[in-house]
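So the structure is just underneath, and the comments pick up after that.
Number of protein chains: 2
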Amino acid sequence: MSFIEQMKFCSHCGNKISFGDIPGDDLQRFFCKSCQTIHYQNPKIIVGCLPRWEEKVLLCKRAISPRKGLWTLPSGYLENGEDVEQGAKRETEEEANADVEIIRLFTVYSIPHIGQVYLQFLADLNNLDFYPGAESQEVRLFGKKEIPWEQIAFGAIKFTLEKYFNEQNLNSEVYMGTSNTR
Amino acid sequence: MSFIEQMKFCSHCGNKISFGDIPGDDLQRFFCKSCQTIHYQNPKIIVGCLPRWEEKVLLCKRAISPRKGLWTLPSGYLENGEDVEQGAKRETEEEANADVEIIRLFTVYSIPHIGQVYLQFLADLNNLDFYPGAESQEVRLFGKKEIPWEQIAFGAIKFTLEKYFNEQNLNSEVYMGTSNTR
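In structure tokens:
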């Protein structure tokens, strides 16, 4: 299962780690027979924005793996110490040097088999002074008919763009999705 | 900072771990000078339900720490391998043996200083056959005027209950909140 981060040693006592059933727990986990620590692993949150300017939206062409060369909305892992809106705004600054005002939460997309949950926000660009950050090759505005649908990097991003361009209720509904990929 | 899980040894190679600045990174992290592994830590997702029956909502009195003896909505850590709705439904079954139908996402509440994000769902009870799970002392329905406001276990739960009983738009709006506690 690809969501499991491999552990070989206990991060608490340094002894070799075990993996398997835990009494009173439905899931198998890493645990330490020496110091009895159970090492829980949980899904990670990815936050990002759908930055808008008139009828167009901003996409970033990825300069790094995975999916290098494909297009995405500016997004990345939420960090400790920030709330979800701060994280979405930070990622938009880092990947596109774009100054945005966050409008509202727009999509929540779970990817169970890799332990990820995307939270994407509608946002408005405050100006057009964006340019690629270190993780982007190119940053561009696209109208609905220009979106490179076959070159979108991630399912959660495609879901968000499809909802944005195809749904009528952009005022309040938060669209929920789950990846079916196994 | 209370969101940092202490590490003493590298879980990859077993050598002593370091903590500090990482080149090209704005945050301090655990890293291993021996095998060069950077150990990222990210916020965790807590999912739960606001289960409803007519004009009342279901609360659980906690049987475990933290906040033992205080009241909460059934909620807990999202696990790898499940989507956010599945996690919310599972927690509601575990803590209250309650059978619910999830209606929609209702609140998203970030707690930056402990690295948590709550996703709470409006849900309808399918029947009244609920009873306390292992982590609950008691499970009860409360009307608006009966809610034990001074004995609610967590800020995110109080936020959710306040929005539910005080806001007018229960049909579509997802309420966003951030803890100000430092």
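Residue numbers (this note's numbering), protein chains in the order written: chain A, 1 to 182; chain B, 1001 to 1182.
Virtual Cβ for every residue (Gly too), placed ideally from N, Cα, C.
Residue interval of the alpha helix (DSSP H) (run including residue i)
i	result
Q1086(B)	1084 to 1096
Opening and closing residue of the beta strand (DSSP E) in which residue i lies
i	result
K1044(B)	1044 to 1053
F142(A)	136 to 142
Y164(A)	Careful: Y164(A) lies outside any beta strand (DSSP E), inside the alpha helix (DSSP H) at 155 to 166.
C60(A)	56 to 62
Y118(A)	116 to 125
Bridge partner(s) assigned by DSSP for residue i
i	result
D1099(B)	The partner list for D1099(B) (beta bridge, DSSP) is empty, contrary to what the question assumes.
D21(A)	Q28(A)
Y1175(B)	T1107(B)
W71(A)	K61(A), I152(A)
Y77(A)	I46(A)
K1016(B)	F1009(B)
I38(A)	F31(A)
Among the options, the one whose alpha carbon lies nearest that of residue i
i	options	result
I152(A)	N15(A), K33(A), P132(A), K68(A)	K68(A)
T161(A)	G24(A), P148(A), N97(A)	Position check: residue 161(A) holds Leu in this sequence, whereas Thr was assumed. Selected option, being the one with the closest Cα: P148(A).
C1049(B)	D1021(B), A1098(B), G1143(B)	A1098(B)
H1113(B)	W53(A), Y40(A), E79(A), H39(A)	E79(A)
I102(A)	P74(A), I111(A), G81(A)	P74(A)
I1017(B)	I1045(B), C1032(B), F1165(B)	C1032(B)
D1129(B)	L1105(B), V1100(B), E1150(B)	V1100(B)
A1063(B)	E1094(B), P1051(B), A1088(B)	E1094(B)
L1059(B)	L1170(B), Y1164(B), L1141(B), I1111(B)	L1141(B)
Y77(A)	W71(A), A88(A), L70(A)	A88(A)
E1146(B)	G1133(B), F1154(B), F1165(B)	F1165(B)
K44(A)	E150(A), E167(A), V117(A), N171(A)	V117(A)
D124(A)	W53(A), P66(A), N169(A), E167(A)	W53(A)
E1150(B)	Q1168(B), T1072(B), N1171(B)	T1072(B)
E173(A)	E82(A), A134(A), D25(A), L122(A)	L122(A)
G1081(B)	D26(A), F154(A), E82(A)	D26(A)
I1111(B)	E1167(B), F1154(B), S1065(B), G1024(B)	F1154(B)
6 Å Cβ shell around residue i - same chain, five flanking residues per side excluded
i	result
G177(A)	Y109, F159
L119(A)	V47, V84, V108
Y175(A)	T107, K163
N1183(B)	The displayed coordinates of chain B run from 1001 to 1182. Any statement about residue 1183(B) would go beyond what the structure contains.
A1156(B)	Y1109, Y1118
Nonlocal neighbours in the same chain, by C-beta distance under 8 Å from residue i, ignoring five residues either side
i	result
N42(A)	G115
C35(A)	C10, H12, C13, N15
I1004(B)	Q1041
K1008(B)	K1016, I1017
I1199(B)	No information on residue 1199(B) is available, as it lies outside the stretch 1001 to 1182 that chain B covers here.
N1180(B)	none
E91(A)	V47, G48, C49, P74, S75, G76
E1167(B)	E1173, Y1175
P66(A)	A153
Contact set for residue i: own chain, Cβ-Cβ below 7 Å, skip 5 residues either direction
i	result
G20(A)	Q28
E1055(B)	G1143
Y1131(B)	N1097, V1139
S136(A)	C60, K61, R62, A63, E95, A96
G1171(B)	Per the sequence shown, residue 1171(B) should be read as Asn rather than Gly. Hits under 7 Å: none found.
N1126(B)	D1099, V1100, E1101
G133(A)	E94, E95, A96, N97
R987(B)	Residue 987(B) lies beyond the range of chain B shown here (1001 to 1182); nothing can be said about it.
L1070(B)	R1062, Q1151, I1152, A1153
Contact residues within the region 136 to 149 of chain A, judged by C-beta distance below 9 Å to chain B: Under the 9 Å Cβ criterion, the region 136 to 149 of chain A contributes no residue.
Interface residues of the region 18 to 31 of chain A facing chain B [CB-CB below 7 Å]: Flagged, chain order: L27.
Within 9 Å of chain A by C-beta, residues of the region 1035 to 1046 of chain B in sequence order: Result list: H1039, Y1040, Q1041, N1042, P1043, K1044, I1045.
Positions along the region 1074 to 1099 of chain B whose CB lies within less than 8 Å of some CB in chain A: Taking 8 Å as the Cβ-Cβ cut-off against chain A, the residues of the region 1074 to 1099 of chain B that qualify are Y1077, L1078, E1079, N1080, G1081, E1082, D1083, V1084, E1085, Q1086.
Chain B contacts made by the region 160 to 176 of chain A, where a contact means CB separation under 7 Å: The residues in question are S172, E173, V174, M176.
Within 9 Å of chain A by C-beta, residues of the region 1004 to 1017 of chain B in sequence order: Listed by position along the chain: I1004, E1005, Q1006, M1007, K1008, F1009, C1010, S1011, H1012, C1013, G1014, N1015, K1016, I1017.
The region 1121 to 1133 of chain B: positions lying closer than 7 Å to chain A by Cβ: Cβ proximity to chain A below 7 Å picks out nothing from the region 1121 to 1133 of chain B.
Contacting positions in the region 1056 to 1076 of chain B - beta carbon closer than 7 Å to chain A: Residues passing the 7 Å Cβ filter: none.
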